[in-house]
Amino acid sequence: MTAGPSLRAVSDLHVGHRGNADVVDDLHPGHPGDWLIVAGDVAEKTDHVVDALERLAARFERVIWVPGNHELWIGRDDEGMTSTAKYDRLVEACRAIGVDTPEDPYPLWTGPGGPAWVVPMFLFYDYSWTPVAGQARAEALAGARERRVVASDEFLIDPGPHGDAVAWCRERLVATTTRLGRLDPAHPTVLINHWPLLREPTRVLRHPDFALWCGTEQTADWHRRYRATACVYGHLHIPRTTVHDGVRFEEVSLGYPREWGARGRPEPLTRQILPAPDAPQVRWVRGEDGMPRLARPGESAPELEEER
Numbered sequence: 001m002t003a004g005p006s007l008r009a010v011s012d013l014h015v016g017h018r019g020n021a022d023v024v025d026d027l028h029p030g031h032p033g034d035w036l037i038v039a040g041d042v043a044e045k046t047d048h049v050v051d052a053l054e055r056l057a058a059r060f061e062r063v064i065w066v067p068g069n070h071e072l073w074i075g076r077d078d079e080g081m082t083s084t085a086k087y088d089r090l091v092e093a094c095r096a097i098g099v100d101t102p103e104d105p106y107p108l109w110t111g112p113g114g115p116a117w118v119v120p121m122f123l124f125y126d127y128s129w130t131p132v133a134g135q136a137r138a139e140a141l142a143g144a145r146e147r148r149v150v151a152s153d154e155f156l157i158d159p160g161p162h163g164d165a166v167a168w169c170r171e172r173l174v175a176t177t178t179r180l181g182r183l184d185p186a187h188p189t190v191l192i193n194h195w196p197l198l199r200e201p202t203r204v205l206r207h208p209d210f211a212l213w214c215g216t217e218q219t220a221d222w223h224r225r226y227r228a229t230a231c232v233y234g235h236l237h238i239p240r241t242t243v244h245d246g247v248r249f250e251e252v253s254l255g256y257p258r259e260w261g262a263r264g265r266p267e268p269l270t271r272q273i274l275p276a277p278d279a280p281q282v283r284w285v286r287g288e289d290g291m292p293r294l295a296r297p298g299e300s301a302p303e304l305e306e307e308r
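Numbering (the UniProt record's numbering), first residue to last: 1 to 308.
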């Protein structure tokens, strides 16, 4: 057990994939008062999402969940349902097991590193992170298709009754800014969204076009505007810590077995968000085969700079 409670985070567990099915068994608090943020992409099937979150809620004092794109995918079990309806169903299921969602009052962390508002958000994306600055979204999407870089979301997410992803994103932005504006400004925030709030973390993607499905330019100043002490996200499957405008951004994903099997996985798997750690908890180094991988605890190999 650790000396005191902490606010921790993880994302992109993908428990429906072979190799990740038992990963929830590895997630345990270091202190009875630990809270856990689960920043999306638990699984595609509703039953898998709820089962994983319920097991975690039995171990951690509080669990806070935000949806990722995979939770919004419409599969065989969701026939006749829109992604918006599936999200509503997940929210109700989370409430039934005591898990916080973006639709619930934002909890106040008062443990070490606090007080701070813990702000789970569901903001989606609007294709504004185009490969070329100022490029029309339609042109950017057409170019991505020509290069055969198209997110599965285009086929598996139904944003109805919203006309498209842009409209759904706009609605989520308006609703969230309204709530954020009502928070007591005496306390900083921990902003949580499955997709990064800033475009900068996507600069290391192997396929730059994929940034179109990774966020929105509308949140570029939120870490400053809403007094963030830390921002938590996943989605990119590139676990790391970066600092922007003096604010710590934590990408807390596990990813698919083929990914973490090759470059290792963070140890511990959950990342400490509060109290702020003394040093970044995830380091990338170059392995003996020349490929980037995660450093092992205590390893002194030189870090890579922006090489993922």
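Backbone N, C-alpha and C fix where the C-beta goes; we use that ideal spot for every residue, glycine too.
Given the structure is predicted, the values throughout are model-derived calculations rather than measurements.
Rounded to whole angstroms, the gap between the alpha carbons of His-70 and Gly-40 is 8 angstroms.
Per DSSP, reduced to three states, the secondary structure at Arg-265 is coil, with no helix or strand assignment. In the three-state reduction of the DSSP assignment, Thr-189 falls in the strand class, which pools E and B. With a contact defined as Cβ atoms closer than 8 angstroms, Leu-274 and Val-174 miss out at about 28 angstroms. In this model, Arg-95 and Trp-117 are separated by some 19 angstroms (Cα to Cα). For Trp-284 against Arg-240, the beta-carbon gap comes to about 7 angstroms, under 8 angstroms, which counts as contact. In this structure, the CA atom of Ile-74 is about 23 angstroms from the CA atom of Pro-196. DSSP links Trp-109 through a beta bridge to Ala-116. Rounded to the nearest whole angstrom, the CA to CA distance from Ala-276 to Gly-80 is 45 angstroms.
Going by DSSP, Thr-241 is part of the beta strand (DSSP E) stretching over 240-244.
In the DSSP assignment, Glu-250 falls within the unbroken beta strand (DSSP E) covering 247-251. Close CB contacts of Ala-262 within its chain, under the 8 angstroms cut and outside five residues either way in sequence, are with Met-291 and Arg-293 (chain order). Closest option to Thr-110, judged by alpha-carbon separation, among Arg-62, Glu-267 and His-28: Arg-62. Beyond the five residues adjoining it in sequence on each side, Gly-68 comes within less than 6 angstroms, by CB distance, of Gly-40, Asp-41 and His-194 in the same chain, given in chain order.
With fewer than 16 neighbouring CB atoms inside 10 Å of its own CB, Pro-105 falls in the exposed class. DSSP places Ser-83 in the helix class (H, G or I) of the three-state scheme. With three or more CB-CB distances shorter than 8 angstroms, the stretch 8-19 counts as touching the stretch 27-39. Taking C-alpha positions only, Asp-221 is separated from Asp-245 by approximately 10 angstroms.
Here His-223 is buried, its C-beta having at least 16 other C-beta atoms within 10 Å.
When secondary structure is reduced to three states using DSSP, Val-23 falls in the helix class.
Pairwise C-beta distances place the stretch 159-174 in contact with the stretch 81-95, as three or more of them are shorter than 8 angstroms. In the DSSP assignment, Thr-46 falls within the unbroken alpha helix (DSSP H) covering 46-57.
Boundaries of the alpha helix (DSSP H) around Ala-167: 165-180. For the pair Thr-216 and Tyr-125, the CB atoms are nearer than the 7 angstroms cut-off. A residue is called buried once 16 or more other Cβ atoms fall within 10 Å of its Cβ, and Phe-155, having fewer, is exposed.
For the 7 angstroms CB-CB criterion, Thr-101 and Trp-65 form a contact. For the pair His-187 and Pro-115, the CB atoms are nearer than the 7 angstroms cut-off.
Burial is judged here by how many other beta carbons sit within 10 angstroms of a residue's own beta carbon; Arg-172 has at least 16 and is buried. In this structure, Arg-271 places its C-beta atom within 7 angstroms of the C-beta atom of Glu-250. In the DSSP assignment, Cys-214 forms no beta bridge with any residue.
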